[in-house]
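Quick notes on the structure that follows.
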Amino acid sequence: MACFDDHYLYSTCQESYRLNVRGCIEVPQEAVDEYCEGPCLLETKLVLQCLHNIFNNFRFYNGATLLLVRHALDRGCSHGENRGDFNPLENFGYTGFYDGDYNDYDHGNKLILSVYLLVILTCLVIF
Numbered sequence: 113m114a115c116f117d118d119h120y121l122y123s124t125c126q127e128s129y130r131l132n133v134r135g136c137i138e139v140p141q142e143a144v145d146e147y148c149e150g151p152c153l154l155e156t157k158l159v160l161q162c163l164h165n166i167f168n169n170f171r172f173y174n175g176a177t178l179l180l181v182r183h184a185l186d187r188g189c190s191h192g193e194n195r196g197d198f199n200p201l202e203n204f205g206y207t208g209f210y211d212g213d214y215n216d217y218d219h220g221n222k223l224i225l226s227v228y229l230l231v232i233l234t235c236l237v238i239f
């Protein structure tokens, strides 16, 4: 929780707009320009990086991963029809717990795949 309370990371962003442990970014539609073009977006990304550095498989209370929140930031600050939509689970069609593997920071799956492949190849060579 230190990342959420770090006064060096979140120093100028209005407290009600800050990412919280629930995985919510609550920015009213009339404040989206201020959020995306001001310090809040950068400070939120710093908090996400802090979380990644401490625990890269971090899940928010709503089940969102760090990657889903990053996608929500990109979507919410885009200049398309989804501008202002900061819900990290909305693009999956529901607001419940997301159980997928979308963590772009986690490179461990590449290692696991390599180990499985090595075991399979070893078995083929032995038999």
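Numbering (this note's numbering) for the sequence shown: 113 to 239.
Ideal placement from N, C-alpha and C gives every residue a C-beta, glycine not left out.
Considering Cα atoms alone, identify which of the options is closest to residue i.
{"i": "Phe172", "options": "Tyr122, Gly135, Gly196, Cys125", "result": "Gly135"}
{"i": "Glu142", "options": "Leu201, Asn199, Arg195, Glu202", "result": "Arg195"}
{"i": "Val159", "options": "Arg130, Val144, Glu149", "result": "Arg130"}
Could you tell me the boundaries of the alpha helix (DSSP H) in which residue i lies?
{"i": "Cys189", "result": "Element bounds for Cys189: n/a, residue is neither H nor E."}
{"i": "Glu138", "result": "Where Glu138 is concerned, there is no enclosing alpha helix (DSSP H), given that its DSSP letter is neither H nor E."}
{"i": "Asp117", "result": "114-117"}
What's the call for residue i, buried or exposed, on a 16-neighbour Cβ count within 10 Å?
{"i": "Leu121", "result": "buried"}
{"i": "Ala114", "result": "exposed"}
{"i": "Ile137", "result": "buried"}
{"i": "Gly188", "result": "buried"}
DSSP three-state call for residue i: helix, strand or coil?
{"i": "Cys152", "result": "helix"}
{"i": "Arg182", "result": "helix"}
Excluding the five sequence neighbours on either side, which residues of its own chain have a C-beta within less than 7 Å of the C-beta of residue i, listed in chain order?
{"i": "Asn132", "result": "Phe116"}
{"i": "Val237", "result": "none"}
Which same chain residues, not among the five before or five after residue i, have their C-beta less than 8 Å away from its C-beta?
{"i": "Val181", "result": "Leu131, Gly135, Ile137, Leu160, Phe172, Pro200"}
{"i": "Leu154", "result": "none"}
By Cβ distance, which residues of its chain are closer than 6 Å to residue i, with the 5 residues on each side in sequence left out?
{"i": "Thr124", "result": "Pro151"}
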